[in-house]
Each structure stands twice: as structure tokens, then as C-alpha cells.
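All remarks here apply to the structure that follows.
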Amino acid sequence: MGNAYYFFSDVHLGLESEDKEKLKETKLIEFLNEIQSDAREIFIVGDLFDCWIEYKQTVPKGFYRLFTKISEISESGIKINYIAGNHDFWKGDYFRKEFGIDICHTHIEREIEGKKFFIHHGDGFAYNDKGYRILKKILRNKFTQKLYSLIHPDIGISLAKGTSSTSRKHTGEKDYSLFDGMRESGFKKISEGFDYVIMGHRHKPQAVPFENGFYINLGDWINHFSYGVFKNGRFELKTFYDFKNQKISVK
Numbered sequence: 600m601g602n603a604y605y606f607f608s609d610v611h612l613g614l615e616s617e618d619k620e621k622l623k624e625t626k627l628i629e630f631l632n633e634i635q636s637d638a639r640e641i642f643i644v645g646d647l648f649d650c651w652i653e654y655k656q657t658v659p660k661g662f663y664r665l666f667t668k669i670s671e672i673s674e675s676g677i678k679i680n681y682i683a684g685n686h687d688f689w690k691g692d693y694f695r696k697e698f699g700i701d702i703c704h705t706h707i708e709r710e711i712e713g714k715k716f717f718i719h720h721g722d723g724f725a726y727n728d729k730g731y732r733i734l735k736k737i738l739r740n741k742f743t744q745k746l747y748s749l750i751h752p753d754i755g756i757s758l759a760k761g762t763s764s765t766s767r768k769h770t771g772e773k774d775y776s777l778f779d780g781m782r783e784s785g786f787k788k789i790s791e792g793f794d795y796v797i798m799g800h801r802h803k804p805q806a807v808p809f810e811n812g813f814y815i816n817l818g819d820w821i822n823h824f825s826y827g828v829f830k831n832g833r834f835e836l837k838t839f840y841d842f843k844n845q846k847i848s849v850k
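Mapping the sequence shown onto this note's numbering, position 37 (from 1) lands on 636, and the numbers just tick up by one.
Here it is, written out as C-alpha cells:
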């Protein structure tokens, strides 16, 4: 086990063409292979899948190679943390039972090497996220989830994918200006005493200094293949794979 802490978000597996999704999964597994010997903890900061909804006896199919790798890492003693994002409609106990990963539905506050971290997917922090904040309360409501669980999984998962597509379209059409609310929320947390505020959701890698801390946006694994690493008191935002200069076939 190493001494580095890794962070990534917004892979959105299942979003695009079969070729693109295979590429994303392959590169993510390569990334996990590369960091395994160096990692002490891994933080998945939301939206690993474009749509994840699980029933008592049913989960979305696919992603066997990735799940195998996650299981291997977890069994090696490396702690994996998962913070739910806006495309994680709800997760039951599948991740906990299969991989020993508990799902955090809010945020994580941690002290690492003497530095205070505030880690949140970022959904609900943007100024124009008011409608989403209402929707989030409905989707995360236990009574709503109980009613939804009565729908046949084939129908329920298909409906969730449609909602996911609508959510993504809504987010994509937003005007994320320089002052989008997420960064300002991060600055507020830094003023409260945090050294690093780490978010995803916006899909744009950023490392912005403020006072004595940094606001970090992790970017995504759709276009940027970016991630963060904290080691020996230093945080770096890196790119694992230069997708923009690569070509893949699209069916």
C-alpha cells in the first residue's frame, strides 16, 4: 500500500457509443492498475455511471471488468470512498456487500497529512441549481424510492436512464459562467478553515487558489480523463489520457 490519495469523478459509464464506452472503461482500468501500488485511498466523487439504480435483486448489467478491478483493489486493503452524484439515483447495499464500499450521499470531511479536505460531488451548489435541489429531495426520499422499487426493473432502469439523459441535457445547457456558485461555495468552505475543497459535476478541470487553500474541480472522463492526487503534502490535477488527440470509430 502506498501513501497517495487519488480523486476522480464523472466517468458516466454507459453514456455514449459502445466504442467510446469500451475505451473509457479500458482507460479507467489502466488508470486503476497504474495507481494501485501507490494508493492509500481512492475517492470516487460521483457519477461513475451515467445512470445507476439498483433493486433488491437486480443491478444494471455490464461493467464486469471494472467491477473485477474494484474488487481486487478493495481486497488489497486500499480504501475506496464513493460520494453519490446527481446520476446516482440511488444505491442500495450492492457496493457495500460486493466491494466493501459505503456510499456517502452528502459529503466527506477529512484531515489528510494535516490538511483539511471538504469533498462533495458539487450538485446543488451552482446558482442555477434550484430546480435540481428540489428534484434531489424527491429522488432521495425513501418513500419515493419504495414506490419506485415496485416497478419492474426493466421499466424502472429504462425510466431512470431517460431521467439521466434529461438531467445531463439540462446541465449541459446551463450557462456556467466564471462565477457559477460552485467555486464560490468552495471559497466559502476555505474561509471556514478547509485547505482543499474538491468537487466534480461541472466537467471542467480547475485548480483555483483562494486565501490559504484551493478549490479543485476534478473534470471528467468523457473529454478530459482528469484526476487529482494528493501526496507528500502536495495536490496535483493531472490528465491520464489525451482523448482529444485520439480517434475512435463510432458505430
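Idealized CB from N, CA, C, for every residue including glycine.
Query                                                                                                                                                    : Result
Relative to the C-alpha of residue 651, which residue among 808, 685 and 785 is closest?                                                                 : 685
Can you look up residue 672 in the DSSP assignment and give me helix, strand or coil?                                                                    : helix
Only counting the same chain, and skipping five residues up and downstream in sequence, which positions put a Cβ closer than 6 Å to that of residue 819? : 609 and 802
Residue 687 CB to nearest chain C CB: under 8 Å?                                                                                                         : No chain C is present in this structure, which holds just one protein chain.
Roughly how many angstroms separate the alpha carbons of residue 600 and residue 678, rounded to a whole number?                                         : 10 Å
When you compare each of 822, 842 and 815 to residue 644 by their alpha carbons, which one comes out closest?                                            : 815
Could you pull the start and end residues of the alpha helix (DSSP H) that residue 783 belongs to?                                                       : 781 to 790
What span of residues does the alpha helix (DSSP H) with residue 625 cover, start to end?                                                                : 617 to 634
Is there contact here, the region 626 to 633 with the region 826 to 840, by at least three beta-carbon pairs under 8 Å?                                  : yes
Which two residues bound the contiguous alpha helix (DSSP H) that contains residue 698?                                                                  : 693 to 698
Around the C-beta of residue 710, are 16 or more other C-beta atoms found within 10 angstroms, so that it is buried, or is it exposed?                   : exposed
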